[in-house]
Amino acid sequence: ELKETLKTSLEPQRTTTHLYLELYSSKQKPEEDVMEYSTRIESLQTLILEQETSGKSAEVATALENSLKAQTIQVFIEDLGKLKDFIKARNPPTLEKAIQAAREEERVRRSLADSKRFYEGNGKSSTKKLSTPCFHCNKMGHWARDCRYKTNTTKPSTGASTSTAPKASESTITCRYCRKPGHTKEECRKLKYVNAKRAREPTNSSTQNSKNSSLSGADGGRPADSLKTAAISFAEIF
1 ELKETLKTSL EPQRTTTHLY LELYSSKQKP EEDVMEYSTR IESLQTLILE QETSGKSAEV
61 ATALENSLKA QTIQVFIEDL GKLKDFIKAR NPPTLEKAIQ AAREEERVRR SLADSKRFYE
121 GNGKSSTKKL STPCFHCNKM GHWARDCRYK TNTTKPSTGA STSTAPKASE STITCRYCRK
181 PGHTKEECRK LKYVNAKRAR EPTNSSTQNS KNSSLSGADG GRPADSLKTA AISFAEIF
């Protein structure tokens, strides 16, 4: 307490005019946050108010206080730096509301900036990792797990066993039907062609049998009409 008293008494007293000039020239410094800047403005407002209202009547003191607060809000917003337009658009009614809005917006913008730096850092890290070639195709720009030249044909077992079957590539797959590499029996085009051909054969066979029946007799020999004609011709000869 003694220290503060001595400091106050020894410091040169600033006049009201000097305090007003200091208030109007106040600007938020680049390294200052809203809290530090607002503390300076509020301190100047308090000092001016004490000197302006000293010895004045209550009515005059109230009028001077309202006028000073209106000027202080304007000074605070105009020299707020990057948040100036945002706070001015909100049109806060008091200095306290203006300071509160500025601090909240400052906190939001800092959080967004931190998130941006974090994701940019991760993006650079990912790009650096992708400079390593894929060990499947030896090409750049993708991970081995995303390589389109790698084809896994084995499926995970649905049984109780947890053992995993070895993976096979296209070059090691051999069809069990045509014995050619590069595909499985289920994918074999030759087998599909043969099956389709067999599926059409019963229809062709039934059509052929119908034609044969019309040409042959009941016992599979010559047609009955043909036999009758032959018998008549044989009788006429004799």
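Numbering (UniProt numbering), first residue to last: 1 to 238. Glycine included, each C-beta is placed from N, C-alpha and C at the ideal position. All values derive from a computational prediction rather than experimental measurement.
- Message: Could you pull the DSSP bridge partners for Pro181 from this structure?
- Response: Thr174
- Helix, strand or coil for Glu32 per DSSP? Coil at Glu32, not helix or strand.
- Note down the Cα distance separating His18 from Ser115, rounded to an integer number of angstroms. 44 angstroms
- How long is the line joining the alpha carbons of Glu32 and Glu96, rounded to whole angstroms? 18 angstroms
- Task: Starting from the C-beta of Glu65, find all residues in its chain whose C-beta is less than 7 angstroms away, skip the five residues before and the five after it, and write them out in chain order.
- Result: Leu49, Thr53
- Query: Hey, does Phe76 have any beta-carbon neighbour from chain B nearer than 8 angstroms?
  - Reply: In the structure shown, chain B cannot be found, because there is only a single protein chain.
- Task: Please classify Leu80: does DSSP put it in a helix, a strand, or coil?
- Result: coil
- Item | Short Cβ contact (8 angstroms threshold) for Thr72 with Gln45 | yes
- Where does residue 242 land, buried or exposed, given buried means 16+ other C-beta within 10 angstroms? Residue numbering for the chain in the displayed model covers 1 to 238; residue 242 lies beyond these limits and cannot be assessed.
- Give the C-beta separation of Ser38 and Ile99 to the nearest angstrom, bearing in mind that I take them to be a contact with Cβ-Cβ under 8 angstroms. Distance from Ser38 to Ile99 at the Cβ level is roughly 4 angstroms; contact confirmed, criterion being Cβ atoms closer than 8 angstroms.
- Reference Gln74; option with closest CA among Tyr177, Lys180, Pro93: Gln74 has its Cα closest to that of Pro93, out of Tyr177, Lys180, Pro93.
- Task: Output yes or no for whether 8 angstroms exceeds the beta carbon distance between Lys84 and Ile77.
- Result: Yes, the Cβ-Cβ distance between Lys84 and Ile77 is below 8 angstroms.
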